[in-house]
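Visitor:
Number of protein chains: 2
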Amino acid sequence: MPKLGAEPIRRAALVKATIEMVGDSGSLDVTVAQIARRAGMSSALAHHYFGSKEQIFLAAMRAILSLYAAEVRGALAAAEGHRGRLRAIVRASFGSGSFRREVVGAWLNFYVLAQTAPEARRLLAVYQRRLHSNLMHDLRPLIGARAERVAQGLGALIDGVYIRAALMPGHSDRRSAAVLVLEYLEREVEGR
Amino acid sequence: MPKLGAEPIRRAALVKATIEMVGDSGSLDVTVAQIARRAGMSSALAHHYFGSKEQIFLAAMRAILSLYAAEVRGALAAAEGHRGRLRAIVRASFGSGSFRREVVGAWLNFYVLAQTAPEARRLLAVYQRRLHSNLMHDLRPLIGARAERVAQGLGALIDGVYIRAALMPGHSDRRSAAVLVLEYLEREVEGR
DNA sequence: AAGTTTATTGACTCGTCAATCAACAAAAAC
DNA sequence: GTTTTTGTTGATTGACGAGTCAATAAACTT
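Note that the protein sequences, when read in sequence, are chains A and B. Following numbering that gives the first Met the number 0, the numbering of the first sequence begins with 0 at its first residue and continues without gaps. Following numbering that gives the first Met the number 0, the numbering of the second sequence begins with 0 at its first residue and continues without gaps.
(1) Does any C-beta atom of chain B lie closer than 9 Å to the C-beta of Ile63 of chain A?
(2) Measure from the alpha carbon of Glu6 of chain A to the alpha carbon of each residue in A:His46, A:His136 and A:Gly143, then state which is nearest.
(3) Please confirm if the stretch 137 to 147 of chain A is in contact with the stretch 118 to 127 of chain A, defined as three or more CB-CB distances below 8 Å between the two stretches.
(4) Assess, as a yes-or-no matter, whether the stretch 67 to 76 of chain B is touched by the stretch 87 to 101 of chain B under the definition of 3 or more beta carbon pairs within less than 8 Å.
(5) If you count every other CB in all the chains shown that lies within 10 Å of the CB of Glu19 of chain A, and 16 or more means buried, which is it?
(6) Is any beta-carbon of chain B found at less than 9 Å from that of Gln54 of chain A?
(7) Check the Cβ of Gly152 of chain B against every Cβ in chain A and list those closer than 8 Å, keeping chain order.
(8) So Gly22 of chain A and Thr115 of chain B are supposed to be a Cβ contact under 8 Å. How far apart are they, rounded?
(9) Using a Cβ-Cβ cutoff of less than 6 Å, which residues in the same chain neighbour His81 of chain A once the five nearest sequence positions on both sides are dropped?
(10) Assuming contact is defined by CB atoms lying nearer than 9 Å, are Tyr48 of chain A and Arg9 of chain A in contact in what I supplied?
(11) Roughly how many whole angstroms lie between the Cα atoms of Thr17 of chain A and Ala113 of chain B?
(12) Helix, strand or coil for Met0 of chain A per DSSP?
(13) Closest Cβ-Cβ distance between Val102 of chain B and chain A: below 9 Å?
(14) Sort A:Leu27, A:Asn108, A:Asp28 and A:Ala58 by Cα distance to Leu13 of chain A and report the nearest one.
(15) Quick one: grab the DSSP three-state call for Ser24 of chain B.
(16) Put Met167 of chain B into one of helix, strand or coil per three-state DSSP.
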């Protein structure tokens, strides 16, 4: 029963199912058949649209990264001043879209994927550089030479909070995660 | 050609090979045959001693965690005062044993394993609690009520630095990783 | 020397899974 | 109304990998 114009819907359904499965099962060892089943189609169709399992994963990773990028952009658009923009970036990192349990779980697994799959590594590098340069842009006017180190620290801290969220679900909620990082930011910008 | 008393040597060789393989390949998808080959024996022997692949991984994880614990204990023994002890804990986290590339890579993968394997999760929880209580012990006398948050932050920051080390090998060396975390510690203890 | 325990492996079983293919169905184009 | 394009799947293939087993051998025991 073919409905025309199904391709984009199918692709999106597969990406969504992939993120959910990887996040829920906490592992990249999910089969194409499982993903396809969850997305309501046969595994053959998944292969038809994506060609290979790796491509499905990469598409899912792109989706996660652009979700995050969108949250950052949105938060930045509504922010005022260097201080406000920095706080916006941090808050966006713990936005309701990106900080759901399955999404964080998927993040963690994609980190691991990035160790082996060159394309995944590339994607991750792009977004990390973007974050870094976003931070630097507003950090430099505030603290000059120390900006580099603080940007590094903020990046690592955000990653670390993500890990913990993936590892102890429920143990750290959005708000307290954000507050933790914001306090670090405040201290580094204000302090001395 | 059986040498008697081979068991402990074989076990150790398998654990070492596992950490190397997981760290190098950046994935838990290493076969028992690969590990056994690297350790200089047949896959059948690996199964003979460990029973299952999961048990091999758990043994490797235990080895990593006790290596880390030993470094912390060693550093603590030689430290003076609350401040000194805290610095020792942080430095131990980036000690030469634990912060080698393959070891960090393996860490990251075991984090992922901990999402699915209950025993792995348990192991990790034990060591995280130990770190947390070590930190609290010396943080509380210095900063009182704020100790909890700072301990949380230090833990997350250490994890985050680990991730980055696994993801961008060479991009962050032992020394600068330690300095980054030590600066955070200093600021939180000193400041205000 | 016969028997027992420990070490060791090659060959095999059994399951799983990514990827392919042939076939079928409905809409669009002509 | 026939052809073409798009959507869809069940069945199959082919590879690979965890775990088992039977067999072999050296060392220890009595």
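Using N, Cα and C, we set each Cβ at its ideal position, and we do this for glycine too.
Guide: So, to answer that:
(1) Taking Cβ atoms only, chain B never reaches closer than 9 Å to Ile63 of chain A, which makes this a no.
(2) Measuring C-alpha to C-alpha distances from Glu6 of chain A to each of A:His46, A:His136 and A:Gly143 identifies A:His46 as the nearest.
(3) Because the criterion of three Cβ pairs below 8 Å is not met, the stretch 137 to 147 of chain A and the stretch 118 to 127 of chain A do not touch.
(4) Of all C-beta pairs linking the stretch 87 to 101 of chain B to the stretch 67 to 76 of chain B, three or more are shorter than 8 Å, placing the two stretches in contact.
(5) With 16 or more other Cβ atoms within 10 Å, it is buried.
(6) For Gln54 of chain A, not one C-beta of chain B is nearer than 9 Å to its own C-beta.
(7) Gly152 of chain B reaches chain A at Leu156, Leu179, Glu182 and Tyr183, counting residues in chain order whose Cβ is nearer than 8 Å.
(8) The Cβ separation is near 12 Å, so there is no contact.
(9) Excluding its 5 nearest sequence neighbours in each direction, His81 of chain A has C-beta neighbours in its own chain below 6 Å: Asp137, Pro140 and Leu141, listed in chain order.
(10) Yes, Cβ-Cβ distance for Tyr48 of chain A and Arg9 of chain A is below 9 Å.
(11) So the alpha carbons of these two residues sit roughly 20 Å apart.
(12) Unreliable placement is indicated for Met0 of chain A, whose pLDDT of 48 sits below 50; no coordinate value is reported for it.
(13) False, the Cβ-Cβ gap to chain A never drops below 9 Å.
(14) Closest option to Leu13 of chain A, judged by alpha-carbon separation, among A:Leu27, A:Asn108, A:Asp28 and A:Ala58: A:Ala58.
(15) Taken through DSSP and simplified to helix, strand or coil, Ser24 of chain B comes out as helix.
(16) Three-state DSSP puts Met167 of chain B in coil, outside helix and strand.
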